[in-house]
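Residue numbers (the numbering used here): 136 to 407.
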């Protein structure tokens, strides 16, 4: 069964959006810039946004930065030209997103960072307890390994949620001195890249017993590599995507747990 983790949203500042809605007689125009849309988690969030916008008769514009900060800034500038009232930004890079945030605030737009923090004068942030998610996944892996063995981290892009997941996992491992983190490689949160990186991990580390992936897309690539190798390597992750949960539910699989998040709830809270 998957390890589940309930989303904890930070609510301060969300009243600002309600004020915008009250002041404007016309329907709201919402823009959302995603760090990526090649991920079921963010696709689910986009679907929730589109449904929520429909419910309140709002116009919505979305863009996929594809992990490119320059593209994200350009996408936000395009949205500002369309006179958006609210910008929801899921930053490709927490520091790099500041340029887009400053441009939006200069234009008088309410800015909410979703899932990952963005530098700059944002009005609000809504996200999960990513540290706890990484810690929970780590504890589950330690238990599955019988409190001993060698593990690896399948890392991702350096945004706050990913950094916090890794920090949580590493802190969990510190509680288990007979488990060693022997390698950390970047799978870029992509299935194909993660599969290739995991193949290298397995070949370079014959004593590897477990892998922590920072997201489910990467974990599914890692799973393919583990299964192809025929090795007994346990896999844990974060997200709780339907595909990952379905794989875990099979029972006879290296993929033993994912700490779940709830993208629809994050989006709805972000819209106030």
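Cβ atoms here follow ideal geometry from the backbone N, Cα and C, with glycine treated the same way.
Computed from a prediction, not measured in an experiment: that's the story for all the values here.
For residue i, the residue or residues it bridges with in DSSP
i: residue 315; result: 285
i: residue 196; result: 166
i: residue 369; result: 345
Short Cβ contact (8 angstroms threshold) for residue i with residue j
i: residue 208; j: residue 234; result: yes
i: residue 261; j: residue 286; result: no
i: residue 177; j: residue 273; result: no
i: residue 265; j: residue 212; result: no
i: residue 360; j: residue 333; result: yes
i: residue 288; j: residue 241; result: no
i: residue 358; j: residue 391; result: no
i: residue 236; j: residue 225; result: no
i: residue 263; j: residue 210; result: no
Inter-residue Cα distance where the pair is residue i and residue j
i: residue 395; j: residue 301; result: 15 angstroms
i: residue 174; j: residue 352; result: 6 angstroms
i: residue 200; j: residue 305; result: 29 angstroms
i: residue 269; j: residue 365; result: 26 angstroms
i: residue 161; j: residue 220; result: 11 angstroms
i: residue 291; j: residue 194; result: 33 angstroms
i: residue 283; j: residue 336; result: 19 angstroms
i: residue 393; j: residue 203; result: 27 angstroms
i: residue 342; j: residue 350; result: 23 angstroms
i: residue 170; j: residue 362; result: 30 angstroms
i: residue 331; j: residue 293; result: 20 angstroms
i: residue 338; j: residue 303; result: 26 angstroms
i: residue 381; j: residue 367; result: 20 angstroms
i: residue 297; j: residue 191; result: 32 angstroms
i: residue 388; j: residue 243; result: 51 angstroms
i: residue 238; j: residue 205; result: 14 angstroms
i: residue 184; j: residue 323; result: 25 angstroms
i: residue 311; j: residue 257; result: 39 angstroms
i: residue 216; j: residue 222; result: 12 angstroms
i: residue 218; j: residue 374; result: 33 angstroms
i: residue 267; j: residue 379; result: 19 angstroms
Residue of the options minimising C-alpha distance to residue i
i: residue 197; options: 228, 165 and 191; result: 165
i: residue 344; options: 246, 169, 278 and 293; result: 278
i: residue 250; options: 243, 242, 244 and 259; result: 259
i: residue 230; options: 217, 248 and 215; result: 248
i: residue 245; options: 313, 384, 214 and 275; result: 214
i: residue 327; options: 257, 186, 355 and 275; result: 355
i: residue 172; options: 227, 295 and 216; result: 227
i: residue 281; options: 267, 314 and 257; result: 314
The ligand HEM heavy atom lying under 7 angstroms from the CB of residue i
i: residue 260; result: As far as ligands go, the structure on display features none, and thus does not contain the ligand HEM.
Runs of 3 residues minimum, wholly inside the region 212-278: which ones carry the beta strand (DSSP E) assignment? 221-224, 245-249 and 259-261
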